[in-house]
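S.K.: Using the numbering used here, the first residue of the sequence shown is number 359, and each one after it goes up by one.
Virtual Cβ for every residue (Gly too), placed ideally from N, Cα, C.
Quick caveat, the model's predicted, so the values are computed rather than measured.
Can you keep this structure in mind? I'll have questions shortly.
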Amino acid sequence: MIYDLMPVTLADYPGKVAATVFISGCNFRCPYCHNSSLIKVQPPLRAVNDILAYLSHRRHLLDGICITGGEPTLWNGLEDFIISVKDEGLAVKLDTNGSRPDVLTDLLNKGFLDYIAMDIKAPLTKYGDFVVRQEDIFNVKRSINIIMESGIEYEFRTTVNQNIMCVEDFIDIANCIAGARKYVLQPYKYSDGVLNKHICGTKPCDPGFLKRVKADIIDLLPSIVIRG
């Protein structure tokens, strides 16, 4: 399921110079997904061994890696890959939709993760618009609790699209993750790869709506930030 590598990024891993590894295959169907080409498992553009060789060669220039997707926790080779990365002395950030809490628990218990970024797609009552399996809604709730109790650095983040959610929806999200260390609002940006432009629209998120959302939930989540 490993797909490709971004050799260097200053944006994907907060505070670190990192490389980003992309995993293909995802079990969600988010209308605003900008990596929709990775929903289905794709033939790799780079082999695992080539990526590991690059990381080994550049380990003195990199602080860590970000593993993103798709949904990385679906990949059976994830743990072995992380072990190889940790052997190079690199920190590991995992991006996830939270649908596989047992995988998160296992990786955390083994000390393999240094940072988790979990997407909160919507209030739990509206997750049916994003998931394929209804049981994943329960899994998302489990993952939220696991991450908040993990003791490592983490963030929750939501893509803001006023065509999909209203301010009250963000209040529901804030109540669900109240006390979280960090909550990131990411404004929707249209691209040709968006999964469903008819639902999401082709215009970027209204900055005024974004500011209103932040203002209405900042008392619940003082750590809230707008990124992008």
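Let's see if you can read the secondary structure: which residues bound the beta strand (DSSP E) around Tyr473?
M.R.: Where Tyr473 is concerned, the enclosing beta strand (DSSP E) stretches over 473-477.
S.K.: Could you please give the first and the last residue of the uninterrupted beta strand (DSSP E) stretch that includes Lys547?
M.R.: Run containing Lys547: none; DSSP gives neither H nor E here.
S.K.: Does DSSP classify Asp362 as helix, strand or coil?
M.R.: Here Asp362 sits in strand by DSSP.
S.K.: Contact defined as beta carbons within less than 8 Å: I believe Leu543 pairs with Ile584. What is the distance between those atoms, to the nearest angstrom?
M.R.: So it is a contact: roughly 5 Å between Cβ atoms.
S.K.: What residues match up with Lys451 in a beta bridge as DSSP calls it?
M.R.: Cys424, Tyr473.
S.K.: For Ala411 and Ile381, what's the separation of their Cα atoms in angstroms?
M.R.: Going from the Cα of Ala411 to the Cα of Ile381 covers about 17 Å.
S.K.: For Leu396, which residues in the same chain have their Cβ closer than 8 Å to its Cβ, ignoring the five residues on either side in sequence?
M.R.: Answer for Leu396: Tyr361, Phe380, Ile381, Ser382, Gly383, Cys384, Gly427, Gly428, listed in chain order.
S.K.: Put Glu446 into one of helix, strand or coil per three-state DSSP.
M.R.: Note: Glu446 maps to coil in three-state DSSP.
S.K.: By DSSP, does Thr560 sit in helix, in strand, or in coil?
M.R.: In the structure shown, Thr560 sits in coil (DSSP, three-state: anything other than H, G, I, E or B).
S.K.: Going by CA-CA distance only, name the one from Phe439, Asn434, Met364, Ile522 that's closest to Lys555.
M.R.: Taking only the C-alpha atoms, the option nearest Lys555 is Ile522.
S.K.: Does Tyr512 come out as helix, strand or coil in the three-state DSSP assignment?
M.R.: Tyr512: strand per DSSP, three-state reduction.
S.K.: Quick one, are the C-beta atoms of Phe470 and Lys444 less than 9 Å apart?
M.R.: For Phe470 and Lys444, yes; Cβs fall inside 9 Å.
S.K.: Looking at the secondary structure, which residues open and close the alpha helix (DSSP H) in which Val406 lies?
M.R.: Residues 406-415.
S.K.: How many angstroms separate the CA atom of Ser498 from the CA atom of Pro565?
M.R.: With the sequence shown as reference, residue 498 is identified as Val, and Ser is not the correct amino acid for it. Using only the alpha carbons, I get a separation of about 28 Å.
S.K.: At a cut of 8 Å, does the segment 515-529 reach the segment 407-425 through at least three beta carbon pairs?
M.R.: As far as the Cβ criterion goes, the segment 515-529 does not touch the segment 407-425, which means the pair count is below three.
S.K.: Confirm, please, whether the CB-CB distance from Thr483 to Val461 is below 9 Å.
M.R.: Not in contact: Val461 and Thr483 (Cβ atoms no closer than 9 Å).
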